Amino acid sequence: MVNEVRDRSIDPASQEMLDVCQRAGLETAWDRFDRQQPQCGFGELGLCCRNCNMGPCRIDPFGEGSIKGVCGATSDIIVARNLLRSIAAGAAAHSDHARDVARTFQLVVEGKAPSYSIKDPAKLERLMKEYGVDSPVALAMAILAEFGKQEGPIQFTRRAPPQRLELWKKLGIDPRGIDREIVECMHRTTMGVDNDYVNLILQGLRTALADGWGGSMIATELQDVLFGTPAPVFSEANLGVLEPDQVNVIVHGHEPLLSEMVVAAANDPEMIELAKKIGAEGINVAGLCCTGNEALMRQGVPVAGNFLSQELAIATGVADAMVVDVQCIMPALGALAGCFHTKFISTSSKAKFPGAVHMEFHEETALETAKEIVRTAVLNYQNRDPSKVHIPQIKSRCMVGFSIESIVAALGGNLDPLLGAIKMGNVRGIGAVVGCNNPKIPQDYGHINMVLELIKNNVLVVTTGCNAQACAKAGLLLPEAAEKAGVGLKGVCKALGIPPVLHMGSCVDISRILVAVAAIANALGVDISDLPAAAAAPEWMSEKAVTIGTYAVGSGVYTVLGTMPPVLGSSAVATLLTSGARDVVGACFAVEPDPFKAAKLMIDHIDGQRKKLGLA
Ligand code: SF4
Ligand code: MSK
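Under our numbering, residues 19 to 634 are what the sequence shown spells out, in order.
Take a look at the structure:
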């Protein structure tokens with residue numbers, strides 16, 4: 019049993035809880051993954067189509083049986099169409115999140131959402147200037163219009179270096195409206211429309227760019243305006259942040275609109291008094307996934323773990339409420355919560371779950387609902403079953419909050435020290451490591467080994483999402499972690515007092531990384547594709563990660579994936595993505611599950627770029 023647990027996660031807290039789950043007969047994602055084996059070979063290769071009711075059709079990968087669907091679609095067409103639908107879904111998820119944030123911003127500036135306020139007026143001013151508008155209300159309208167625009171440009175795409183913009187225009191992939199690109203993906207992939215795999219992939223690039231430089235960037239910027247631009251703050255990470263003697267409220271999902279209110283409600287003296295009255299020492303809010311990252315970056319709220327920790331957090335027996343909004347929330351949580359006293363609370367009209375109590379959240383009455391949720395958690399504290407309580411005494415400190423603004427501040431006011439370090443070779447390059455967990459890889463094995471390899475080789479790592487939480491759990495987000503870095507990077511980190519791995523936020527905050535690489539490229543007078551930089555998603559699972567990888571490549575960043583996307587059914591599509599794209603957008607994908615080999619690919623790429631730039 020012990021070995022099996024070790025095969026499932028390298029995180030000791032997760033291993034401990036997996037052991038607890040196995041002994042208690044509690045099912046987790048890893049058990050369900052095992053029961054899915056062998057997974058469908060047609061699905062793995064991307065060769066199954068059910069886009070019309072003449073199907074479902076599947077293509078024989080060996081060319082011996084059916085080599086075309088009923089309509090005549092070939093493997094190239096089916097693989098490309100399936101990929102485009104995934105990109106559309108990922109872009110829709112980030113961008114619909116952004117729409118909600120933009121709508122909340124609009125209500126705030128119209129005075130209709132009293133629970134919220136403007137926390138970064140300076141950023142608000144900068145955005146108004148960028149959009150050329152003279153009031154916050156006009157800004158809200160202009161940003162909301164980005165979604166339904168029929169013709170571009172999407173304003174934030176203009177932050178890209180001029181060479182990149184020219185290339186997008188030349189290729190016809192400069193995105194128009196965010197919703198327009200997503201809708202067009204669905205149109206093109208329905209039966210009998212776009213049947214040219216190159217044309218389909220180009221639309222994938224355009225849609226992904228509408229996410230990265232559109233939806234995701236809008237979410238990041240307006241969240242900063244509403245909740246504050248992150249600045250360095252210390253906190254803690256892993257299941258050991260759950261408190262045995264306090265009411266534990268776990269916030270999980272992706273949007274800060276709810277979690278910020280839950281944090282405010284948990285700090286309300288009335289709630290704290292209620293908690294004390296029923297015998298708890300206080301109220302402890304902890305986060306999971308990107309809602310966790312949002313609260314961590316801005317409020318220093320501890321994180322209980324990353325994607326594959328979500329069931330384990332409930333299995334500790336001390337989660338008095340698991341409060342969720344949208345994205346990355348396993349539908350299994352309801353049944354698991356039913357084995358404990360945990361109240362599993364859904365809050366979005368878009369995301370309902372079996373076994374959940376639904377307490378719908380609306381911007382206009384946000385704090386009241388958050389208080390109701392916290393009250394529910396507090397009153398539930400007394401229902402804990404002490405015989406089911408098990409909290410691993412494992413947690414790590416972390417330093418987070420590296421927005422671009424705070425990185426520039428740490429550098430002394432401009433990017434020059436970083437550029438100087440890159441030119442001198444003390445910082446060999448930049449590695450953006452992001453993405454999920456996936457039971458196909460032991461939890462955090464890909465993340466941690468890749469990041470350690472990179473920093474050891476003087477690559478400064480920027481991180482978001484579940485990789486950031488893996489690094490936090492492993493103690494890599496601390497200035498002391500510079501000891502694990504190569505000599506050059508270690509010196510830079512020590513001089514600046516920063517970790518060698520910079521936590522830049524949630525999944526939508528990968529847009530911060532785009533802005534950072536654009537700023538570095540502009541400062542060097544080159545395109546993003548010329549930079550000594552590479553990206554990776556070692557354990558990705560979500561369609562959102564497909565979109566992120568695609569906008570990274572479309573922006574000129576070489577990107578290594580740790581799990582295979584379903585494209586191998588078409589050698590034409592696979593070749594286009596892993597090499598042909600280099601001639602088109604100056605970057606391509608690679609797939610390498612071994613994190614050591616993947617890090618080597620990134621380092622080799624970085625070294626090649628340094629050489630081209632004439633850097634030592
Ligand atoms: Fe089959 Fe073509 Fe219909 Fe897809 S679109 S299910 S390949 S007939
Ligand atoms: S939470 S998208 S599992 S990174 Fe953003 Fe983690 Fe992936 Fe969700």
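For every residue, glycine included, the Cβ atom is placed at its ideal position computed from N, Cα and C.
Being a predicted model, the structure only gives us computed values, none of them experimental.
Within 8 Å: the Cβ of residue i and any heavy atom of the ligand SF4?
i      : result
Gly64  : no
Arg393 : no
Ala98  : no
Asn71  : yes
Val88  : yes
Met204 : no
Ala537 : no
Pro79  : no
Cys67  : yes
Met209 : yes
Pro74  : yes
Ala111 : no
With distances taken Cα to Cα, identify the nearest neighbour of residue i among the options.
i      : options                        : result
Glu471 : Ala500, Thr482, Lys491, Cys454 : Ala500
Gln400 : Gly509, Ala339, Val591, Leu433 : Ala339
Ser32  : Ala488, Pro517, Lys630         : Ala488
Thr481 : Asp138, Thr175, Arg530         : Arg530
Arg99  : Val341, Thr207, Lys474         : Thr207
Glu22  : Ile528, Pro460, Lys474, Pro320 : Pro460
Leu595 : Asp94, Arg24, Glu169           : Asp94
Val445 : Glu423, Lys361, Gly509         : Gly509
Val97  : Lys615, Val267, Val591, Phe614 : Val591
Pro613 : Leu579, Arg144, Asp622         : Leu579
Cys89  : Met72, Ser104, Ile105          : Met72
Gly140 : Arg50, Asp242, Lys187, Lys188  : According to the sequence provided, residue 140 is Ala. The question's Gly does not apply to it. Looking at the Cα atoms, Asp242 is the closest of the given residues.
Ser364 : Phe358, Ile296, Met348         : Met348
Thr225 : Gln181, Ile268, Gly170         : Gly170
Ala384 : Ser234, Thr175, Phe60, Lys130  : Lys130
Pro404 : Ser367, Gly190, Ala337         : Ala337
Gly447 : Leu478, Trp48, Ala91, Pro457   : Leu478
Asp601 : Val535, Ala634, Leu189, Phe174 : Leu189
Ala255 : Pro320, Pro372, Leu631         : Pro320
Pro518 : Leu495, Gly431, Arg68, Asn540  : Leu495
Gly443 : Met620, Glu148, Lys629, Thr593 : Lys629
Closer than 8 Å to a non-hydrogen atom of the ligand MSK - does that hold for the CB of residue i?
i      : result
Lys147 : no
Asn256 : no
Gly323 : no
Ala551 : no
Met340 : no
Gly453 : yes
Trp48  : no
Trp231 : no
Trp558 : yes
Cys484 : yes
Gln461 : no
Cys489 : no
Looking at residue i: is its Cβ nearer than 9 Å to the Cβ of residue j?
i      : j      : result
Asn476 : Gly506 : yes
Val451 : Gly64  : no
Ser133 : Glu312 : no
Leu240 : Phe123 : yes
Met468 : Ala554 : yes
Leu102 : Pro583 : no
Ala228 : Pro193 : yes
Ile538 : Gly230 : no
Val344 : Ala369 : yes
Ala355 : Ala42  : no
Mind checking if residue i is an interface residue toward chain B, Cβ cutoff 9 Å exclusive?
i      : result
Ile546 : Considering every chain present, this structure includes no chain B. It has just one protein chain.
What I want to know is whether the C-beta of residue i ends up closer than 8 Å to one or more non-hydrogen atoms of the ligand MN.
i      : result
Lys562 : Within the structure as shown, the ligand MN is missing, the only ligands being the ligand SF4 and the ligand MSK.
Practice prompt. Could you say if the stretch 74 to 88 and the stretch 196 to 203 meet the contact criterion of at least three C-beta pairs nearer than 8 Å?
Written response: The stretch 74 to 88 is not in contact with the stretch 196 to 203.
Worksheet item: Can you find at least 3 beta carbon pairs, one from the stretch 254 to 261 and one from the stretch 596 to 605, that sit closer than 8 Å?
Response: No, the stretch 254 to 261 does not touch the stretch 596 to 605.
Discussion item. Whether or not the stretch 237 to 250 and the stretch 516 to 530 are in contact is what I'm after, with contact meaning three or more pairs of Cβ atoms, one per stretch, closer than 8 Å; do they touch?
Written reply: Taking 8 Å as the limit for Cβ pairs, the verdict is that the stretch 237 to 250 does touch the stretch 516 to 530.
Fill in: Residue ranges of each beta strand (DSSP E) within the stretch 95 to 172, 3 or longer
If only complete runs of 3 or more residues are kept, the stretch 95 to 172 shows no beta strand (DSSP E) anywhere.
Worksheet entry | the stretch 384 to 393 contacting the stretch 436 to 443, beta-carbon criterion three pairs below 8 Å | Fewer than three pairs of CB atoms, one per stretch, sit closer than 8 Å, so the stretch 384 to 393 makes no contact with the stretch 436 to 443.
Discussion item. Please give me, in chain order, every unbroken run of the beta strand (DSSP E) with length at least 3 that falls completely inside the stretch 515 to 554.
Written reply: Whole beta strand (DSSP E) segments, 3+ residues: 519 to 521.
Worksheet item: In chain order, which beta strand (DSSP E) runs of at least 3 residues are fully inside the stretch 385 to 435?
Response: Counting only runs of 3 or more, we get 414 to 418.
Discussion item. If contact is defined by three or more beta carbon pairs under 8 Å, each pair taking one atom from either stretch, is the stretch 538 to 550 in contact with the stretch 571 to 580?
Written reply: Yes: the two stretches touch, three or more of their Cβ pairs being nearer than 8 Å.
Worksheet entry | Cβ pair count under 8 Å reaching 3, the stretch 488 to 498 against the stretch 413 to 420 | With the cut-off at 8 Å, the stretch 488 to 498 and the stretch 413 to 420 touch.
Worksheet item: What are the start and end residues of each continuous beta strand (DSSP E) run of 3 or more residues lying completely inside the stretch 315 to 368, in chain order?
Response: Every unbroken stretch of the beta strand (DSSP E) spanning 3 or more residues and falling wholly within the stretch 315 to 368 is given here in chain order: 321 to 323, 337 to 342, 361 to 364.
Item to complete: Please go through the stretch 597 to 631 and give each complete beta strand (DSSP E) segment of 3 or more residues, from N-terminal end onward.
Response: Qualifying beta strand (DSSP E) stretches, in chain order: 607 to 609.
Fill in: Whole runs of the alpha helix (DSSP H) within the stretch 198 to 267, excluding any shorter than 4 residues
The stretch 198 to 267 contains these whole alpha helix (DSSP H) runs: 215 to 228, 234 to 245.
Worksheet item: Are the stretch 306 to 325 and the stretch 268 to 279 touching by the rule of at least three beta carbon pairs closer than 8 Å?
Response: Touching, yes.
Worksheet item: Which ranges does the alpha helix (DSSP H) cover as unbroken runs of at least 4 residues, wholly within the stretch 485 to 515, from first to last along the chain?
Response: Qualifying alpha helix (DSSP H) stretches, in chain order: 505 to 514.
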